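Structure record follows, encoded as structure tokens.
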Amino acid sequence: MSPDKVVEAVLLASEEPLSVKTLGRLFEERMSGAAIENILSDLQEKWKDSGLQLSESAGGWRFRTSAEMKPYFDRLHAKKAPRYSRAALETLAIIAYRQPVTRGDIEEIRGVAVSAQILKAFEEREWIEVVGHREVPGRPSLYATTVRFLDDLNLKSLSDLPPLEDIGSVAS
Amino acid sequence: MSPDKVVEAVLLASEEPLSVKTLGRLFEERMSGAAIENILSDLQEKWKDSGLQLSESAGGWRFRTSAEMKPYFDRLHAKKAPRYSRAALETLAIIAYRQPVTRGDIEEIRGVAVSAQILKAFEEREWIEVVGHREVPGRPSLYATTVRFLDDLNLKSLSDLPPLEDIGSVAS
Amino acid sequence: MITAKIHGEAMLELPQDLYIPPDALEVVLDAFEGPLDLLLYLIRKHNLDILDISMSDLTRQYMAYIEAAKARHELAAEYLLMAALLIEIKSRMLLPKPAEMDGEVDPRMELVRRLLEYEKMKLAAAAIDALDQAGRDFFLPAIEQDRDDIPERQEVDVDELRRAWLDVVARAGVQHPHKVKREELSVREHMSRILKGLRNRDFAEFFELFDIHAGIAVMVVTFLALLELVRESLVTIVQVDPFGAIYVRAANES
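Chains as they are written, first to last, in our numbering: chain A, 91 to 262; chain B, 91 to 262; chain C, 6 to 259.
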């Protein structure tokens, strides 16, 4: 099978994004990064106007459905994916923009208690993880976002998050 | 987006096989079974010589990886595998350096029983094989390593295994 | 900007006298994510300048709101804590400032900092929610891989094997350990090879076991392997007639 067909099939069948390096290792005679990148750009071109798109995010390369496909999937899935509550989204935003943070830090910013369930739900989705502990009494866990979080939002890095708005100037 | 592209993307991104009827319902103006079947057979033709095949199973239509892709997935998943236990490694080392040996020989050298599972696992991996039997009561199997073992460890022959000249100093 | 909704209608005006229909209070309260959120709402609704908040206006509106809410609702402690903070800031601002304390920090500053940080995060939350999300706005290919018969492949490298062997020997407390050299390993390799060759047959002719093209060294090693196999009683060598053909057979075939 030709290398481009192998890469295409592996990317379509992989549960996670794959790096150029990992893709190179697919072949008995390891393939150079440049050769893989050539294949990737050919594939990107090939799939350009279709329902799937080859795109790069933090974890590497993978296919994803294109925006035009959404209505079809909405018809296919009886239930729409639930949206997160405002409390959950604010918690996630604080972790994403202010990481690493403790639960106490989040509560301080939001001005209210943060339920353990919210943190657990994001941990189970592998969007956040404990990256350490702050050396204060109780050694609270420090949370940060994961590569999976970036992948699921199709971002290459944290700096691709929407920029924080400068509200002070908006208000005055 | 053209109907064939929609069907292709939905099949590629669906976790379950989809029936012709379900595929017909994807479209605002429901599509007839005959029209969907046309699309499916075009897609089957399109993907024929690639790493994925469109096939029909009991639950409906879905893409699956073709048989030729297996070695690539093997390589892809191999690197994430856990490491062997100490008992397994020692058993393998004894077979490699002292072959041909019986299970009794291995137990004598290690000083503890060797589980049948360990030998079975290496046999299944085609790293060791029974090359004969020792003519003692019970006629125990004699194990030796295989060519596959050498290939997998990237050795040309057993004499490429690291020599053990410094062993005296370790043991005394 | 917050849009608190009462009975599905955006509550655009918070009346100055703060009359809120009693049955709407819970709904209103639920629309806020805490005291900071409520304060931001009041500030933005009344076009107060967040950098120069009129503490008496803000405090009055906040107090009126939570007084009204308290009548129906067990108010979360955070709301009361904030009330206390607002009153404290207000009273500190009312105190006449002695001349030498001109440099004192504006008591509102900490509150403003928190409000700005909270509002930033609130907008960021909405911005994150607006991003395309896997499983909601786009989907990932989900193709079943033929994998059930792919065994788990553990890794091993040759150095690990070497260390494992050294450990075994060390543990066995062998006084004069066998030194395994390259030559000996080739002998062992040929021992295995000869046994493999004899697996499915009664015997092999002696000369068959030697590959005359492999060079003299390999032939010697093969011969040594054969001798070792005999010594370990793993094969027998038979010669029926003097100077006749020599046959090698696996011991178990006898």
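Glycine included, every Cβ here is placed at the ideal spot set by N, Cα and C.
Values in this document were obtained by computation on a predicted structure and should not be read as measured data.
Item to check | Distance between A:GLY228 and C:ALA89 (C-alpha atoms, nearest Å) | outcome: Taking the third sequence and counting its residues from 1, one reaches residue 89 of chain C at position 84. Taking the first sequence and counting its residues from 1, one reaches residue 228 of chain A at position 138. Straight-line Cα distance between these residues: approximately 28 Å.
Item to check | Top-ranked residue by Cα proximity to B:ARG154, from B:ASN244, B:VAL226, B:PHE239, B:TRP137 | outcome: In the second sequence, counting from the first residue as 1, residue 154 of chain B sits at position 64. Comparing Cα-Cα distances from B:ARG154 to each of B:ASN244, B:VAL226, B:PHE239, B:TRP137, the minimum goes to B:TRP137.
Checklist entry - To the nearest angstrom, how far is it from the Cα of B:LEU133 to the Cα of B:ARG115? => result As a first step, residue 133 of chain B is located in the second sequence; it is residue number 43 there, counting from the start. As a first step, residue 115 of chain B is located in the second sequence; it is residue number 25 there, counting from the start. So the two alpha carbons sit approximately 18 Å from each other.
Next on the checklist: Just to confirm my understanding: we take B:ALA186, look at its own chain, exclude 5 residues before and 5 after, and list those with CB closer than 8 Å. What are they?
Outcome noted: In the second sequence, residue 186 of chain B corresponds to position 96, counting from 1. Taken in chain order, the residues that qualify are THR235, PHE239, LEU248, LEU251.
Checklist entry - From A:SER109 to A:GLY149, what distance separates their C-alpha atoms? => result Position 19 of the first sequence, counting from 1, holds the residue named residue 109 of chain A. Position 59 of the first sequence, counting from 1, holds the residue named residue 149 of chain A. About 7 Å.
Checklist entry - What does C:MET196 touch in chain B if you count any residue whose Cβ is under 9 Å from its own? => result By 1-based counting over the third sequence, the position of residue 196 of chain C is 191. Here the neighbours are GLN189, PRO190, VAL221, ALA234.
Item to check | Close-in-space but distant-in-sequence residues of the same chain around C:ILE94 (CB under 7 Å, 5 per side omitted) | outcome: Residue mapping note: residue 94 of chain C aligns to position 89 of the third sequence, counting from 1. Excluding residues within five positions, the ones whose Cβ falls inside 7 Å are MET60, PRO112, ARG113, LEU116.
Checklist entry - Can you list the residues of chain F that A:THR155 reaches, using a CB-CB cut of under 7 Å? => result The chain labelled as chain F is not found among the protein chains of the depicted structure, namely A, B and C.
Item to check | Contact list for C:SER191 against chain B, beta-carbon separation under 8 Å | outcome: Working through the third sequence from its first residue, we reach residue 191 of chain C at position 186. What C:SER191 touches in chain B: SER247, LEU248, SER249.
Checklist entry - Counting only runs that start and end within the stretch 108 to 138 of chain A, where is the alpha helix (DSSP H) found for 4 or more residues in a row? => result 110 to 114, 123 to 136
Next on the checklist: According to DSSP, simplified to helix, strand and coil, what is B:GLN143?
Outcome noted: Within the second sequence, residue 143 of chain B is the residue found at index 53, counting from 1. Reduced to three states, the DSSP call for B:GLN143 is strand.
Checklist entry - Exposed or buried, what is A:ARG200 when buried is set at 16 or more other beta-carbons lying within 10 Å of its beta-carbon? => result On the first sequence, position 110 is the one that residue 200 of chain A refers to. So A:ARG200 ends up on the buried side.
Item to check | Through-space distance from A:VAL96 to A:ASP164, alpha-carbon basis | outcome: For this step, residue 164 of chain A is matched to residue 74 along the first sequence. For this step, residue 96 of chain A is matched to residue 6 along the first sequence. Approximately 31 Å between the Cα atoms of the pair.
Next on the checklist: Taking DSSP's pairing of strands, which residues face C:PHE143 in a bridge?
Outcome noted: Mapped onto the third sequence, residue 143 of chain C falls at position 138. In the DSSP output, where bridge partners are listed per residue, C:PHE143 has C:ALA139.
Item to check | B:ALA176 to B:TRP217 span [Cα, whole Å] | outcome: For the purposes of this step, residue 176 of chain B is taken as residue 86 along the second sequence, with counting starting at 1. For the purposes of this step, residue 217 of chain B is taken as residue 127 along the second sequence, with counting starting at 1. Position check: residue 176 of chain B holds Arg in this sequence, whereas Ala was assumed. Their backbone Cα atoms lie some 17 Å apart in a straight line.
Item to check | Where B:GLY258 sits in the DSSP three-state scheme | outcome: Position 168 of the second sequence, counted from the first residue, corresponds to residue 258 of chain B. Only weak support exists for where B:GLY258 lies, its pLDDT of 45 falling under 50; the value from the coordinates is given anyway. B:GLY258: helix per DSSP, three-state reduction.
Checklist entry - So with Cβ pairs under 8 Å, would you call C:TYR123 a contact of chain A? => result Taking the third sequence and counting its residues from 1, one reaches residue 123 of chain C at position 118. Chain A, which has a Cβ nearer than 8 Å to the Cβ of C:TYR123, makes this yes.
Checklist entry - What are the uninterrupted segments assigned as alpha helix (DSSP H) that are 4 or more residues long and contained completely in the stretch 156 to 210 of chain A, given in chain order? => result 160 to 166, 176 to 188, 193 to 200
Item to check | Local conformation of C:GLN180 per DSSP, three classes | outcome: On the third sequence, position 175 is the one that residue 180 of chain C refers to. Low local confidence applies: a pLDDT of 47 at C:GLN180 is under 50, so the model's placement there is unreliable, with the coordinate-based value given in what follows. Of the three classes helix, strand and coil, the one that applies to C:GLN180 here is coil, per DSSP.
Checklist entry - Got a sec, what are the start and stop residues for the alpha helix (DSSP H) C:ILE94 sits in? => result By one-based count along the third sequence, residue 94 of chain C stands at place 89. Counting along the chain, the alpha helix (DSSP H) containing C:ILE94 begins and ends at 82 to 99.
Checklist entry - So, helix, strand or coil for A:ALA234, using DSSP? => result Taking the first sequence and counting its residues from 1, one reaches residue 234 of chain A at position 144. Of the three classes helix, strand and coil, the one that applies to A:ALA234 here is strand, per DSSP.
Checklist entry - With a CB to CB cut of under 6 Å and the five nearest residues on each side skipped, what residues in its chain are close to B:ILE208? => result What you label residue 208 of chain B is simply residue 118 of the second sequence in a count that begins at 1. Within the same chain, B:ILE208 has close Cβ partners ALA178, THR181.
Checklist entry - Can you tell me whether C:LYS127 is buried or exposed, with buried defined as 16 or more other CB within 10 angstroms of its CB? => result Counting from 1 along the third sequence, the entry for residue 127 of chain C is found at position 122. So C:LYS127 counts as buried.
Checklist entry - Quick one: what does DSSP say A:TRP151 is sitting in, helix, strand or coil? => result Against the first sequence, residue 151 of chain A aligns to sequence position 61. Correct three-state label for A:TRP151: strand.
Item to check | Through-space distance from A:THR192 to A:VAL237, alpha-carbon basis | outcome: The residue labelled residue 237 of chain A in the question sits at position 147 within the first sequence. The residue labelled residue 192 of chain A in the question sits at position 102 within the first sequence. Spanning the two alpha carbons is a distance of roughly 19 Å.
Checklist entry - If the cut is a Cβ gap below 9 Å, which residues of chain B does C:ARG167 touch? => result Translated into positions along the third sequence, residue 167 of chain C becomes position 162. Near C:ARG167 (Cβ distances below 9 Å), the residues of chain B are ALA183, TYR187, LEU251, PRO252, PRO253, LEU254.
Item to check | Spatially closest choice to B:SER140 from A:SER92, A:PRO107, A:ILE129, A:LEU101, by CA coordinates | outcome: Your numbering for residue 140 of chain B matches position 50 in the second sequence. The shortest C-alpha separation from B:SER140 is found at A:SER92.
Checklist entry - A:GLU135: buried (16+ other C-beta within 10 angstroms of its C-beta) or exposed? => result In the first sequence, the residue the question calls residue 135 of chain A occupies position 45. So A:GLU135 counts as exposed.
Checklist entry - In its own chain, which residues sit with a C-beta less than 6 Å from the C-beta of B:LEU144, not counting the 5 before and 5 after it? => result As a working note, residue 144 of chain B is residue 54 in the second sequence. Cβ within range, chain order: LEU133, GLN134, TRP137, PHE153.
Checklist entry - Can you name, in chain order, every residue of its own chain whose Cβ lies under 7 Å from the Cβ of B:PRO107, other than the five neighbours on each side? => result Working through the second sequence from its first residue, we reach residue 107 of chain B at position 17. So the list reads SER147, GLY149, GLY150, TRP151, ARG152, once near-sequence residues are dropped.
Next on the checklist: Once the 5 residues before and after C:LEU120 are set aside, which same chain residues still bring their CB inside 8 Å of it?
Outcome noted: Stepping through the third sequence from its first residue, residue 120 of chain C is reached at position 115. These residues qualify, in order along the chain: LEU41, LEU44, LEU45, ILE48, ILE55.
Next on the checklist: For a contact defined as C-beta to C-beta under 8 Å, what are the partners of C:LEU203 on chain B?
Outcome noted: Counting from one through the third sequence, the residue named residue 203 of chain C turns up at place 198. Residues of chain B passing the Cβ test: GLY222.
Next on the checklist: List, in chain order, every chain B residue whose beta-carbon is nearer than 7 Å to that of A:LYS95.
Outcome noted: The sequence position of residue 95 of chain A within the first sequence is 5, counting from 1. Residues of chain B passing the Cβ test: SER140, GLY141.
Checklist entry - CB C:VAL192 to CB C:GLU165, shorter than 8 Å? => result By 1-based counting over the third sequence, the position of residue 192 of chain C is 187. By 1-based counting over the third sequence, the position of residue 165 of chain C is 160. No. Outside cutoff.
Item to check | Spatial distance of B:GLU348 from C:PHE144 (CA atoms) | outcome: Outside the modelled stretch of chain B, which goes from 91 to 262, sits residue 348 of chain B, for which no answer is possible.
Checklist entry - So who's on the other strand from C:ALA209, going by DSSP bridges? => result For the purposes of this step, residue 209 of chain C is taken as residue 204 along the third sequence, with counting starting at 1. According to DSSP, which records beta bridges pairwise, C:ALA209 is partnered with C:VAL253.
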